[in-house]
């Protein structure tokens, strides 16, 4: 049997270790899972580059990061196109900064010399960012007209897709917000129209949530034929929807 003092010290140590594990878990949750995965891949790439170049990665010297950026900029595909965009390089720098922060080291990415290299790369590339053409109202009408609602089961699939398009278009939802929407998040309000509960979004990382209202009027009337079954709580409207008349 251990002396009382030793047993108490062991219990305190175990309690502190458990608290440390919980603190680490909370710190991990500070970043979204997708961000953690992206940072892990970016950091692994930087660490491999440092190993091949004979440079230390943690902590990394400012000049090491500058050379890394220069190498990323010089990397080309077999067709001669740039492999890494400035946005990807910026994310790599964010991953390097996160790794240094987590390890308790000052980040070399904060040095103006590193920022100057990335700024110079952006100016050298000097090409417009490619953006997809938005889906406009006339485009949406064309898509809806061409959907086959009159057959089974294609008609149910068409109703599902149309409901997702109309809700997303009228509510100006992101794809991730629309995909996460369930029947429990949709309320047909007798006064205001359609209420959508957005539990979490790209700009709401702490999950405070928000309500998007699709009011009565033309947009709401267009969406009116589509109903999400109340019994389908927990199922995304992008997966199930019912067509009612």
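In the working numbering, the protein residues as written are 13 to 257.
Glycine included, C-beta positions come from ideal geometry on N, C-alpha and C.
Check your understanding: Just the Cα atoms here: how many angstroms apart are residue 96 and residue 133?
Key -> 11 Å
Check your understanding: Buried or exposed: where does residue 121 fall if 16 or more other Cβ atoms within 10 Å of its Cβ makes it buried?
Key -> buried
**Study point:** C-beta contact flag for residue 102 and residue 79 at 8 Å
**Key:** no
Practice item. Could you pull out every unbroken alpha helix (DSSP H) segment of at least 4 residues lying fully inside the region 159-204, listed in chain order? Key: Restricted to the region 159-204, the alpha helix (DSSP H) segments that are unbroken, complete and at least 4 residues in length are 166-183 and 187-192, listed in chain order.
Review point. Quick one: what does DSSP say residue 28 is sitting in, helix, strand or coil?
Key: The three-state reading of DSSP puts residue 28 in helix, counting H, G and I together.
Review point. Hey, residue 107 and residue 54 are a contact pair by Cβ (cut 8 Å); roughly how many whole angstroms apart?
Key: 4 Å
Exercise for review: Specify the secondary structure class of residue 117 as computed by DSSP and reduced to three states.
Suggested key: coil
Point to revise | Contact set for residue 88: own chain, Cβ-Cβ below 7 Å, skip 5 residues either direction | key: 94 and 95
Check your understanding: residue 154 to residue 197, Cα distance in whole Å?
Key -> 28 Å
**Study point:** Between the CA atoms of residue 74 and residue 209 - distance to the nearest angstrom
**Key:** 46 Å
Review point. Just checking my contact of residue 170 with residue 180 at CB under 8 Å: how many whole Å lie between their CB atoms?
Key: With 8 Å as the limit, residue 170 and residue 180 do not qualify as a contact, their Cβ atoms being about 16 Å apart.
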